[in-house]
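Structure first, then comments.
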Amino acid sequence: MSQQFPYTYYSCSCVDTPTSLLPLSRKSVEARSSSDEEETTFDPRSSRANFSLYPLEHLLYCTECHQMRCSRCTTEEVLCWYCPSCLFEVPSSTVRSEGNRCTRSCYNCPICTSFLTVNLLDAPTEAQRDAEQPPGPFILSCSYCNWTSLDIGIKFDKANNITGQLQRVRNGGIIVPTPKERENQAERLLRKQPNHEEEEEVKSPLEETPAAQAPPDADDFFSNLNSFYKSQLADTETSAGPAEFNVHSPSSIQRLLNLYSTGKKTKRGKPKPMRESLTTAEGLQEYSSSSEEELIHRLATSGWEATTSPSQRSFQERHPPRFTSDLRPTATLLRTKRSKRCKTCRTLLSRPEPKVNTTRYKIKVLALNNIPKVSIRSLNTTPQSLLTDLVTISSSMQQKEYTTLHPLMPYQFLLTLTNPLFDPIKVTLATPTTTPGRVQTRVTILCPQFDVGANTDVWDDALNSTSSQNNPKRKSAAPGLSVASPPDNSDGKQAEAGKIWDKGRNWTSVIVEVVPGVLPGTPAFVGEGGEVREDEGVVECPVFVKVEYESEGLGAGETPERVRMVGEGKEKREVAFWCVLGVGKIVG
Amino acid sequence: MATRPTATRKTAKGEYIETDSGNKVSRKANISGTPNITLGGKTVIMADVHLRGDLTRPKAATPDPKGAKQSSTSISIGRCTVVSTGTVIRPPGRMSRGVYTYYPMKIGDNVFVGPNCVIQAASISSHVHISENCVLQPLCVIKENVKILPHTVVPANMVVPPNSVVGGRPGRIVGEVGEGYGVSVGAVAGGSGEGWVEGGDLRELVRIIK
Ligand SMILES: [Zn+2]
Ligand SMILES: [Zn+2]
Ligand SMILES: [Zn+2]
Ligand SMILES: [Zn+2]
Numbered sequence: 001m002s003q004q005f006p007y008t009y010y011s012c013s014c015v016d017t018p019t020s021l022l023p024l025s026r027k028s029v030e031a032r033s034s035s036d037e038e039e040t041t042f043d044p045r046s047s048r049a050n051f052s053l054y055p056l057e058h059l060l061y062c063t064e065c066h067q068m069r070c071s072r073c074t075t076e077e078v079l080c081w082y083c084p085s086c087l088f089e090v091p092s093s094t095v096r097s098e099g100n101r102c103t104r105s106c107y108n109c110p111i112c113t114s115f116l117t118v119n120l121l122d123a124p125t126e127a128q129r130d131a132e133q134p135p136g137p138f139i140l141s142c143s144y145c146n147w148t149s150l151d152i153g154i155k156f157d158k159a160n161n162i163t164g165q166l167q168r169v170r171n172g173g174i175i176v177p178t179p180k181e182r183e184n185q186a187e188r189l190l191r192k193q194p195n196h197e198e199e200e201e202v203k204s205p206l207e208e209t210p211a212a213q214a215p216p217d218a219d220d221f222f223s224n225l226n227s228f229y230k231s232q233l234a235d236t237e238t239s240a241g242p243a244e245f246n247v248h249s250p251s252s253i254q255r256l257l258n259l260y261s262t263g264k265k266t267k268r269g270k271p272k273p274m275r276e277s278l279t280t281a282e283g284l285q286e287y288s289s290s291s292e293e294e295l296i297h298r299l300a301t302s303g304w305e306a307t308t309s310p311s312q313r314s315f316q317e318r319h320p321p322r323f324t325s326d327l328r329p330t331a332t333l334l335r336t337k338r339s340k341r342c343k344t345c346r347t348l349l350s351r352p353e354p355k356v357n358t359t360r361y362k363i364k365v366l367a368l369n370n371i372p373k374v375s376i377r378s379l380n381t382t383p384q385s386l387l388t389d390l391v392t393i394s395s396s397m398q399q400k401e402y403t404t405l406h407p408l409m410p411y412q413f414l415l416t417l418t419n420p421l422f423d424p425i426k427v428t429l430a431t432p433t434t435t436p437g438r439v440q441t442r443v444t445i446l447c448p449q450f451d452v453g454a455n456t457d458v459w460d461d462a463l464n465s466t467s468s469q470n471n472p473k474r475k476s477a478a479p480g481l482s483v484a485s486p487p488d489n490s491d492g493k494q495a496e497a498g499k500i501w502d503k504g505r506n507w508t509s510v511i512v513e514v515v516p517g518v519l520p521g522t523p524a525f526v527g528e529g530g531e532v533r534e535d536e537g538v539v540e541c542p543v544f545v546k547v548e549y550e551s552e553g554l555g556a557g558e559t560p561e562r563v564r565m566v567g568e569g570k571e572k573r574e575v576a577f578w579c580v581l582g583v584g585k586i587v588g
Numbered sequence: 001m002a003t004r005p006t007a008t009r010k011t012a013k014g015e016y017i018e019t020d021s022g023n024k025v026s027r028k029a030n031i032s033g034t035p036n037i038t039l040g041g042k043t044v045i046m047a048d049v050h051l052r053g054d055l056t057r058p059k060a061a062t063p064d065p066k067g068a069k070q071s072s073t074s075i076s077i078g079r080c081t082v083v084s085t086g087t088v089i090r091p092p093g094r095m096s097r098g099v100y101t102y103y104p105m106k107i108g109d110n111v112f113v114g115p116n117c118v119i120q121a122a123s124i125s126s127h128v129h130i131s132e133n134c135v136l137q138p139l140c141v142i143k144e145n146v147k148i149l150p151h152t153v154v155p156a157n158m159v160v161p162p163n164s165v166v167g168g169r170p171g172r173i174v175g176e177v178g179e180g181y182g183v184s185v186g187a188v189a190g191g192s193g194e195g196w197v198e199g200g201d202l203r204e205l206v207r208i209i210k
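Residue numbers (the working numbering), protein chains in the order written: chain A, 1 to 588; chain B, 1 to 210.
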């Protein structure tokens, strides 16, 4: 899926683009020296640009710093955790003890990541159909790819508490103790033998369970090693020694165990070197050539289909398996609602209501409401054709206006600035004459300096439009929106340098002329040839926008060089930023 | 809008039939089971849209006055919602107690459904933007302020939480919409060139469709 044209991205002020960080390959230096005189021209193709360009609706605004704020220059605080499937809020204490996954019955398909549903294995009989709780067995099944838990040999007796049931069953239906039970067993063993000299007597919790016959899996190794290290730490608790910071030292192992244990704080072990695990019961994973051979045999017989893909492996909660038959359904990851603060001054910029199902905000300071909106569209598109693009079947025809730019042909675009502020603004636009990079597209803004009216109350506008309804020359409420009046360019209007195209209540449109450059690899291309690199045909024009206005003094936190008193309690303000206009794609 | 009576009269002769509450239904739309469909007003149904109002819950064998009332509506669409060309809206169905049963579908206000979609969701909340060529499989639930990217297949039974962006086949939550999603500058008539934004108030869009 390619980007939809046209688009405007704003460069957040947190990313300075010093010249040293622009691509310094010889070619781009040549290109730049011939084109832009200003050293700080924003290059939308620089690798840093990716991290500072945002659509306007993703940007916040700090009223203290008078700067837009993106995800890089804000800090986040989690307000609440919730499961995206069952939409239940999870208390943060539960998140700390149980982890960041849903502990209800929300599971995702290990094959395709879709949500799994709990279904009856067999179609219910006539008698069962009317029963309140149909008898099992139940399975987890994916309606997208038709995977079911039967594929890994797991059935459930009850339709609820899938998490609890899954914990005690291994793939193939082997019943195993839950992690909690294993831990308890290990602790019981420790208490029974507080000073066990004979390591051979330490029994693995596994040996007392029916799963003993099955080969131990990764979970068993983990719990064995866990209990072994705990017993070792218990041994060393009494003896004292010098602190050591190697892998085998008790302190580092204690740290490691604390990482994996859930909330239980044990006293820091006295430092003394410990021995490593020696047997399988102690969690030692032995290399055996037979198991390797078995793996190879399995690969050879079951083939590509039976192996897992990298994305499937990384989607697992732990222990990425080689074969699809070893996959486990994954509990749904929780999501969060977060508030955002300015990184510089800690001002709260957005704070959603912490309820899962509401989309309301307690605080939300948007860039949208504080800096002008820059939008661009082809001059040839009428509102009606925009609409047709949006709602008709011919999506292949869509975008044609933008995706078939021919090199060296002049195209005219309509650049519109909309003012969200309640003060009129003075706008100055600047753009490098040619776009940075190998494909040099010439960009000319016919009228780089103009005023935009204030954003008055909506009702004022509505009243004005009613009173002036009979006036054929009345300014439309939105550019190109006045369907009743003839389309913009049907009256033979010509673009003129130094003159604005059209204006309304709080918006002004100017013409931008774009002459797409020549793609490398075509005969007309000047300079070092070669293949067309990815997205090199995309025309992105960097535009510098400077906005000046006088506003009621707000006082606090002003930077003196930006704001200067103009008397009558008004302040002169200046906002400046780079944005990138994606106007289309060049055809070769 | 009350201030534009001329526009209303014009549309009556055009492609759209406008109802008293301002719904615009294309003459080329394909609507089955009309009595089972409710439109909230100022809602647009475009050409080649197929509304399957005929797929209703089967009449209960035991007479249950409450149940009978509920089953009468199979598709209910809110205000200022736009259903684009070629889209099929089909109430979802599944096996329930041994019988294949259709469930009523509810679509909220200011929902945009792009062209060529197949919608079988259980419910779509308000301010949802569905791009072109999407499939919403049976009984998925789309919460408020969600954007569905083009060519997405939302798997059956999936719940899409508020403020998320969904994409892919099968659809996954690929991100969150920005804080400014659905906010237009200067309310009704922003200078965006369109006067409406994705996820925002669609009144302006509805107005220019004729
Ligand atoms: Zn930033
Ligand atoms: Zn859940
Ligand atoms: Zn699946
Ligand atoms: Zn700040």
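All C-beta atoms in this analysis are idealised placements derived from N, C-alpha and C, irrespective of residue type, glycine included.
Neighbour flag for H58(A) against chain B, beta carbons, 8 Å: By one-based count along the first sequence, residue 58(A) stands at place 58. True, the Cβ-Cβ gap to chain B drops below 8 Å.
heavy atom of ligand 4 below 7 Å from E64(A) C-beta: Counting from 1 along the first sequence, the entry for residue 64(A) is found at position 64. Yes, since a heavy atom of ligand 4 falls inside the 7 Å radius drawn around the Cβ of E64(A).
Partner residues on chain B for A123(A), Cβ-Cβ distance less than 9 Å: Numbered from 1 along the first sequence, position 123 holds the residue referred to as residue 123(A). Within 9 Å Cβ-Cβ: M95, G98.
Residue range of the unbroken beta strand (DSSP E) whose run includes I173(B): Here residue 173(B) corresponds to residue number 173 of the second sequence, with the count starting at 1. Note, I173(B): beta strand (DSSP E), 172 to 176.
Interface partners of T74(A) on chain B, CB under 8 Å: By 1-based counting over the first sequence, the position of residue 74(A) is 74. Those do not exist, as T74(A) stays about 10 Å from chain B at its closest Cβ, beyond 8 Å.
Residue closest to V515(A), alpha-carbon to alpha-carbon, out of Q494(A), G584(A), V452(A), K570(A): Locating residue 515(A) in the first sequence gives position 515, where the first residue counts as 1. Among Q494(A), G584(A), V452(A), K570(A), the Cα nearest to that of V515(A) is on G584(A).
Euclidean distance between Cα positions of V78(A) and K337(A): Mapped onto the first sequence, residue 78(A) falls at position 78. Mapped onto the first sequence, residue 337(A) falls at position 337. Those two C-alpha atoms are separated by around 6 Å.
S114(A): CB within 7 Å of a non-hydrogen atom of ligand 3: On the first sequence, residue 114(A) is found 114 positions in, with the first residue counted as 1. Yes - ligand 3 has a heavy atom lying nearer than 7 Å to the Cβ of S114(A).
T559(A) to R45(A) span [Cα, whole Å]: Sequence index remark: in the first sequence, residue 559(A) carries index 559 (1-based). Sequence index remark: in the first sequence, residue 45(A) carries index 45 (1-based). Caution applies to T559(A), whose pLDDT of 44 falls short of 50 and renders its modelled position unreliable; the value that the coordinates give is listed next. CA-CA distance, T559(A) to R45(A), rounds to 32 Å.
Exposed unless 16 or more other CB atoms sit within 10 angstroms - verdict on G14(B): On the second sequence, position 14 is the one that residue 14(B) refers to. With fewer than 16 other Cβ atoms within 10 Å, it is exposed.
Exposure of C12(A), with buried meaning 16 or more beta-carbon neighbours within 10 Å: Along the first sequence, one-based indexing puts residue 12(A) at 12. By the neighbour-count rule (16 or more Cβ atoms within 10 Å), C12(A) is buried.
The region 171 to 187 of chain B: positions lying closer than 7 Å to chain A by Cβ: For the region 171 to 187 of chain B, which is checked against every Cβ of chain A, the residues closer than 7 Å are R172, I173, G178, E179, G180, Y181, V183, V185, G186, A187.
Buried/exposed call for S131(B), threshold 16 Cβ in 10 Å: Translated into the one-based positions of the second sequence, residue 131(B) becomes position 131. It is buried - the Cβ of S131(B) has at least 16 other Cβ atoms within 10 Å.
With 16 other Cβ atoms within 10 Å as the buried cut-off, status of K572(A): What you label residue 572(A) is simply residue 572 of the first sequence in a count that begins at 1. With fewer than 16 Cβ atoms within 10 Å of its Cβ, K572(A) is classed as exposed.
Contact belief for G53(B) with G33(B) at Cβ below 8 Å, rounded distance in angstroms: As a position in the second sequence, residue 53(B) is number 53, starting the count at 1. As a position in the second sequence, residue 33(B) is number 33, starting the count at 1. At roughly 3 Å, the Cβ-Cβ gap stays under 8 Å, so G53(B) and G33(B) are in contact.
Cβ neighbours of N162(A) in the same chain (closer than 6 Å, five flanking residues each side left out): Taking the first sequence and counting its residues from 1, the one referred to as residue 162(A) is at position 162. Position check: residue 162(A) holds Ile in this sequence, whereas Asn was assumed. Taken in chain order, the residues that qualify are S105.
V545(A) beta carbon less than 8 Å from that of A576(A): The residue given as residue 576(A) occupies position 576 in the first sequence. The residue given as residue 545(A) occupies position 545 in the first sequence. The beta carbons of A576(A) and V545(A) sit closer together than 8 Å.
Cutoff 8 Å: N370(A) Cβ touching any chain B Cβ: Taking the first residue of the first sequence as 1, we reach residue 370(A) at position 370. No - not a single Cβ of chain B is within 8 Å of the one on N370(A).
Pair within 8 Å by beta-carbon distance, F450(A) and I511(A): In the first sequence, counting from the first residue as 1, residue 450(A) sits at position 450. In the first sequence, counting from the first residue as 1, residue 511(A) sits at position 511. For the 8 Å CB-CB criterion, F450(A) and I511(A) do not form a contact.
Where the beta strand (DSSP E) containing P352(A) begins and where it ends: For the purposes of this step, residue 352(A) is taken as residue 352 along the first sequence, with counting starting at 1. In the DSSP assignment, P352(A) falls within the unbroken beta strand (DSSP E) covering 348 to 352.
Beta-bridge partners of K546(A), as assigned by DSSP: By one-based count along the first sequence, residue 546(A) stands at place 546. Residue pairing of K546(A) in beta bridges, as defined by DSSP: T428(A), A576(A).
Of the listed residues A123(A), V427(A), G498(A), F138(A), nearest to T444(A) (C-alpha basis): Looking up residue 444(A) in the first sequence gives position 444. The residue among A123(A), V427(A), G498(A), F138(A) with its C-alpha nearest the C-alpha of T444(A) is G498(A).
For N100(A) and A156(B), the rounded distance between their alpha carbons: The residue given as residue 156(B) occupies position 156 in the second sequence. The residue given as residue 100(A) occupies position 100 in the first sequence. Computed Cα separation, rounded: 24 Å.
Residue list, Cβ distance to ligand 2 heavy atoms smaller than 5 Å: Any residue whose Cβ sits closer than 5 Å to a heavy atom of ligand 2 makes the list: C83(A), S85(A), C86(A), C102(A), R104(A), C106(A).
Which listed residue (G582(A), C345(A), V95(A)) has its alpha carbon closest to that of Q67(A): Within the first sequence, numbered from 1, the residue matching residue 67(A) stands at position 67. Closest by alpha carbon: C345(A).
C-beta contact flag for C109(A) and L334(A) at 8 Å: Here residue 109(A) refers to the residue found at position 109 when the first sequence is read from its first residue. Here residue 334(A) refers to the residue found at position 334 when the first sequence is read from its first residue. Their beta carbons are not under 8 Å apart, which means C109(A) does not touch L334(A) by this criterion.
Neighbourhood of V143(B) by C-beta distance below 7 Å, restricted to the same chain and skipping five residues each side: Stepping through the second sequence from its first residue, residue 143(B) is reached at position 143. Before going on, a small fix: residue 143(B) reads as Lys here, not Val. The residues are S125, V160, P161, P162.
N163(B) (DSSP reduced to helix, strand or coil): If you number the second sequence from 1, residue 163(B) lands on position 163. Note: N163(B) maps to coil in three-state DSSP.
Rounded C-alpha distance that separates L390(A) from S96(B): As a position in the first sequence, residue 390(A) is number 390, starting the count at 1. As a position in the second sequence, residue 96(B) is number 96, starting the count at 1. Spanning the two alpha carbons is a distance of roughly 38 Å.
Where R172(B) falls, given that 16 or more other Cβ within 10 Å makes a residue buried: For the purposes of this step, residue 172(B) is identified with residue 172 of the second sequence, where counting begins at 1. With 16 or more other Cβ atoms within 10 Å, it is buried.
Closer than 7 Å: T347(A) CB and nearest ligand 4 heavy atom: In the first sequence, counting from the first residue as 1, residue 347(A) sits at position 347. Yes, ligand 4 has a heavy atom inside 7 Å of this Cβ.
Those runs of the beta strand (DSSP E) which lie wholly inside the region 97 to 130 of chain B and span at least 3 residues: You should have 99 to 102, 105 to 107.
Chain A within 8 Å of T43(B), Cβ atoms only: Reading the second sequence from its first residue, position 43 is the one you call residue 43(B). Not one chain A Cβ lies under 8 Å of T43(B).
Under 7 Å (Cβ pairs) to chain B, residues found in the region 103 to 115 of chain A: Under the 7 Å Cβ criterion, the region 103 to 115 of chain A contributes C112, T113, S114, F115.
Whole-angstrom distance between L53(A) and Q312(A), CA atom to CA atom: Working through the first sequence from its first residue, we reach residue 312(A) at position 312. Working through the first sequence from its first residue, we reach residue 53(A) at position 53. Spanning the two alpha carbons is a distance of roughly 31 Å.
Straight-line gap, T435(A) to L581(A) (C-alpha atoms, nearest Å): Reading the first sequence from its first residue, position 435 is the one you call residue 435(A). Reading the first sequence from its first residue, position 581 is the one you call residue 581(A). Straight-line Cα distance between these residues: approximately 11 Å.
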